[in-house]
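Below: the structure, in structure tokens.
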Amino acid sequence: MDIELVEIPKWNCCGAVSSLTADDVMHHVAPIRNLIRVIEMNEEGLVNDEKRLIVFCSMCFNVLRRSNKRVKEDPKFLETINSFMDEERDYDGSVKVMHFLEILRDIGFYKVKERVKKPLKGLKVSAYYGCTLLRPRGVGIDDPEAPSIMEKFIESLGAEVVDNPYKSLCCGSYHTVGGNKELVAERAYKIINAARERGADLIITSCPLCAFNLDNRQELTKKIHPDFEHMPVLYFTQLMALAMGMESETGFDGNYIDPRPLLRERGFLEG
Amino acid sequence: MSEEKMITVYIMGKAYQVPFGLTIMKAMEYAGYRFIRGSGCRAGFCGACATVYRKKGEYKFRTALACQTTAEDGMYLAQLPFVPANRKEYNINELDPEKNVLSEYYPEINRCVSCNTCTKACPQELDVMYYIQAAIRGDYRQVSELSFDCIQCGLCTARCPAEITHYHVAQLARRIYGKYQLKVPEHLEKRLKEIEEGKFDEEIERLKNMSIDELKSAYVQRDIEKIPRGEVSDE
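So the protein sequences, as listed, match chains B and E. Residue numbering for the first sequence follows this note's numbering, beginning at 486 and increasing consecutively. Residue numbering for the second sequence follows this note's numbering, beginning at 106 and increasing consecutively.
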């Protein structure tokens, strides 16, 4: 697609949660430090782009874009961060944080379609957005009430879109590591069943935490609701790799609910 | 005898006149302090003499090794004899390197907010923050490589707002990397086999029976081996 992605040398964890406290500067240091790395990459000639930072994880994307937005809107806040990070060059707000799906949209989903070697004809796929890709308005990549970017992505791979009224219902997020795993298992029950009732074969998502909650938590969902039927939940790039004929890159070994039996049955995987 | 140039340093707030050109450690000793703990090799290798100081006219709270840093006029000095850092007990043979053992034993590494204070504090100029970032990801190799020159002075830990014990995390990572992931170097295996086969038994017996003077002259006249050292495979 005439675009090459270069990993940030020495990136650091974004923090995984965006602090909303007005006077909490410290939790914006990590995201802004990554943005400074992007400026350095431009200066060192590692990239020749107009300072776009492409993010795959919805949560990282959300944290990075929110901090970027905050420092651009609040110069005093940026000044505090810059003076704290006195070992770094100053950040100037010039990096553009983008989710990978936005890049695909900018390039054009028709170009994605051109690269598809194995159209997923007849596979019924439901998009799950969760929260961090869409909210808050002004940070999210699509209309938070009626998003369509993932549906366009699914169509470009040749699969059939199945709508889900709960596609932006929160999956339970960090309750999964706290004492309320049941809440997450119940959310998985609700979201997956809604997709199944509409005929979906599988769900895709762009957030690793949503993916974990909808996929791995199905074990607990099944314990709570013995009538529950498992459904594969894929990271959106797994489906893309499959459609583009890059089977060795699909990473299905990491899925709790193995999608391979279904995909073999439908003829999308050999053997 | 030429007149010595004297400077004023403030040791725990009290002014002392000490000769110019001394290290912080020697300046404190000149002033009358005696180090029973918090002093070791005096050559920048052992990491025992972590020190904190401030320079005249600066707001910065600086860190260093007392044996490696020259005292300057107007410096405020204090020695850190020990860092009471959290260090976990583990049996290296019972760890599962497929899991993130670092996060399991030291879950506080996940409190890192990338403030980089640890890196600024490190007298070895290591990328401390980045090895903690690698530790969060369970990347034993990167932690090992980035922390290899750590002398365990504990200054990173003393300065960390997240109470991470960087150097103990890194030591655990190096142990796991060494035991489970790094290939045993060929020359080491070869030498161990020679020892087991008794190749050096006779020579050891001969050395054991030497007098001190004979030992000294044997040491001075020894052959220095030309075997390539420490060439460690990448994989």
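No residue lacks a Cβ here, since even glycine has one placed at the ideal position from N, Cα and C.
Reduced DSSP secondary structure (H/G/I, E/B, other) of LYS675 of chain B: As a working note, residue 675 of chain B is residue 190 in the first sequence. Helix at LYS675 of chain B.
Partner residues on chain B for TYR235 of chain E, Cβ-Cβ distance less than 8 angstroms: Here residue 235 of chain E refers to the residue found at position 130 when the second sequence is read from its first residue. Under the 8 angstroms cutoff, chain B gives LYS495, ASN497.
Reduced DSSP secondary structure (H/G/I, E/B, other) of GLN276 of chain E: As a working note, residue 276 of chain E is residue 171 in the second sequence. It is helical.
Residue from B:ASN698, B:GLU640, B:GLY663 with nearest C-alpha to CYS655 of chain B: Taking the first residue of the first sequence as 1, we reach residue 655 of chain B at position 170. Out of B:ASN698, B:GLU640, B:GLY663, B:ASN698 has the C-alpha closest to the C-alpha of CYS655 of chain B.
Cutoff 7 angstroms; reference PHE125 of chain E; Cβ partners in own chain excluding five residues on either side: Residue numbering aside, residue 125 of chain E sits at position 20 when the second sequence is read from its first letter. Taking C-beta separations shorter than 7 angstroms and ignoring five residues to either side along the sequence, the partners of PHE125 of chain E in its chain run LYS110, MET111, ILE112, following chain order.
Contact with chain B by LYS225 of chain E, beta-carbon distance below 8 angstroms: Translated into positions along the second sequence, residue 225 of chain E becomes position 120. Yes, contact with chain B.
Endpoints, beta strand (DSSP E) assigned at SER641 of chain B: For the purposes of this step, residue 641 of chain B is taken as the residue at position 156 of the first sequence. Taken as a continuous stretch (DSSP letters only), SER641 of chain B belongs to no beta strand (DSSP E), being part of the alpha helix (DSSP H) at 634–641.
7 angstroms Cβ cut-off: residues of chain D touching GLU671 of chain B: The question asks about chain D, but that chain is absent: this structure's protein chains are B and E.
C-alpha gap between ALA122 of chain E and LYS193 of chain E, whole angstroms: Residue numbering aside, residue 122 of chain E sits at position 17 when the second sequence is read from its first letter. Residue numbering aside, residue 193 of chain E sits at position 88 when the second sequence is read from its first letter. Looking at the sequence provided, one finds Gln at residue 122 of chain E rather than Ala. Rounded to whole angstroms, GLN122 of chain E to LYS193 of chain E spans 43 angstroms at the Cα level.
Buried versus exposed call for LEU642 of chain B [16 or more other C-beta atoms within 10 Å across all chains shown]: Here residue 642 of chain B corresponds to residue number 157 of the first sequence, with the count starting at 1. With 16 or more neighbouring CB atoms inside 10 Å of its own CB, LEU642 of chain B falls in the buried class.
Span of the alpha helix (DSSP H), counted from its first residue to its last, around GLU599 of chain B: As a working mapping, residue 599 of chain B is identified with position 114 in the first sequence. 594–600 is the extent of the alpha helix (DSSP H) around GLU599 of chain B.
Interface residues of chain B facing CYS220 of chain E [CB-CB closer than 7 angstroms]: In the second sequence, residue 220 of chain E corresponds to position 115, counting from 1. What CYS220 of chain E touches in chain B: MET511, VAL514.
Where ARG518 of chain B sits in the DSSP three-state scheme: As a working note, residue 518 of chain B is residue 33 in the first sequence. Three-state DSSP puts ARG518 of chain B in a helix.
For HIS715 of chain B, three-class secondary structure by DSSP: Your numbering for residue 715 of chain B matches position 230 in the first sequence. The three-state secondary structure of HIS715 of chain B, taken from DSSP, is coil.
Residue nearest to PHE145 of chain E in terms of C-alpha spacing, selected from E:LYS161, E:PHE166, E:CYS172, E:VAL157: Residue mapping note: residue 145 of chain E aligns to position 40 of the second sequence, counting from 1. Per the sequence shown, the amino acid found at residue 145 of chain E is Gly instead of Phe. Ranking E:LYS161, E:PHE166, E:CYS172, E:VAL157 by Cα distance to GLY145 of chain E puts E:CYS172 first.
Interface flag, ILE241 of chain E vs chain B, CB-CB below 8 angstroms: In the second sequence, counting from the first residue as 1, residue 241 of chain E sits at position 136. For ILE241 of chain E, the answer is yes, since a Cβ of chain B falls inside 8 angstroms of its Cβ.
Length of the line joining the Cα atoms of LEU520 of chain B and ASN205 of chain E: The count along the first sequence starts at 1 and reaches residue 520 of chain B at position 35. The count along the second sequence starts at 1 and reaches residue 205 of chain E at position 100. If you take the alpha carbons of LEU520 of chain B and ASN205 of chain E, they lie about 27 angstroms apart.
Alpha carbon of LEU430 of chain B to alpha carbon of PHE562 of chain B, nearest angstrom: Within the shown structure, residues of chain B are numbered from 486 to 756, placing residue 430 of chain B beyond reach of any answer.
Cβ pair count under 8 angstroms reaching 3, the segment 583–593 of chain B against the segment 664–681 of chain B: no
Collapsed DSSP secondary structure at THR426 of chain B in the structure displayed: Beyond the ends of chain B as shown, which are 486 and 756, falls residue 426 of chain B; an answer cannot be given.
Counted within 10 angstroms of its Cβ, other Cβ atoms place ASP700 of chain B as buried (16 or more) or exposed: Taking the first sequence and counting its residues from 1, the one referred to as residue 700 of chain B is at position 215. Buried.
Simplified DSSP assignment, three categories, for GLU645 of chain B: Reading the first sequence from its first residue, position 160 is the one you call residue 645 of chain B. DSSP places GLU645 of chain B in strand when its eight states are reduced to three.
ILE76 of chain E classed as buried or exposed, judged by whether at least 16 other C-beta atoms fall within 10 angstroms: Within the shown structure, residues of chain E are numbered from 106 to 340, placing residue 76 of chain E beyond reach of any answer.
Unbroken stretches of the beta strand (DSSP E), 3 residues or longer, contained in the segment 486–540 of chain B: 537–540
Residue-level contact to chain B via CB, GLN238 of chain E, 8 angstroms cutoff: The residue you call residue 238 of chain E lines up with position 133 of the second sequence. Closer than 8 angstroms to some Cβ of chain B, the Cβ of GLN238 of chain E qualifies, so yes.
Straight-line gap, SER252 of chain E to ARG246 of chain E (C-alpha atoms, nearest Å): Reading the second sequence from its first residue, position 147 is the one you call residue 252 of chain E. Reading the second sequence from its first residue, position 141 is the one you call residue 246 of chain E. Their Cα atoms are separated by approximately 10 angstroms.
GLU640 of chain B to ALA679 of chain B span [Cα, whole Å]: The residue you call residue 640 of chain B lines up with position 155 of the first sequence. The residue you call residue 679 of chain B lines up with position 194 of the first sequence. Taking the straight line from one Cα to the other gives about 20 angstroms.
Close Cβ partners of ARG279 of chain E (< 6 angstroms) along its chain, the five nearest in sequence each way excluded: Translated into positions along the second sequence, residue 279 of chain E becomes position 174. Correct list, in chain order: SER249.
Close-in-space but distant-in-sequence residues of the same chain around LEU531 of chain B (CB under 6 angstroms, 5 per side omitted): Within the first sequence, residue 531 of chain B is the residue found at index 46, counting from 1. Closer than 6 angstroms at Cβ, skipping near neighbours: VAL491.
Extent of the continuous beta strand (DSSP E) run through PRO744 of chain B: Residue 744 of chain B sits at position 259 when you count from the first residue of the first sequence. Segment: none, PRO744 of chain B is in no beta strand (DSSP E) and carries neither H nor E.
Burial state of ILE309 of chain E (16 or more Cβ within 10 Å): As a working note, residue 309 of chain E is residue 204 in the second sequence. Under this definition ILE309 of chain E is an exposed residue.
Delimiting residues of the beta strand (DSSP E) encompassing ALA169 of chain E: Position 64 of the second sequence, counting from 1, holds the residue named residue 169 of chain E. Counting along the chain, the beta strand (DSSP E) containing ALA169 of chain E begins and ends at 167–170.
Contact set for ASN191 of chain E: own chain, Cβ-Cβ below 6 angstroms, skip 5 residues either direction: In the second sequence, the residue the question calls residue 191 of chain E occupies position 86. Counting only Cβ-Cβ distances below 6 angstroms, and skipping sequence neighbours, we find THR270.
Cβ contact (3+ pairs, closer than 8 angstroms) linking the segment 167–187 of chain E and the segment 135–154 of chain E: yes
Helix, strand or coil at LYS581 of chain B [DSSP, three-state]: As a working mapping, residue 581 of chain B is identified with position 96 in the first sequence. Note: LYS581 of chain B maps to strand in three-state DSSP.
Residues sharing a beta bridge with SER568 of chain B, DSSP: Indexing the first sequence from 1 puts residue 568 of chain B at position 83. Per DSSP, none; premise fails for SER568 of chain B.
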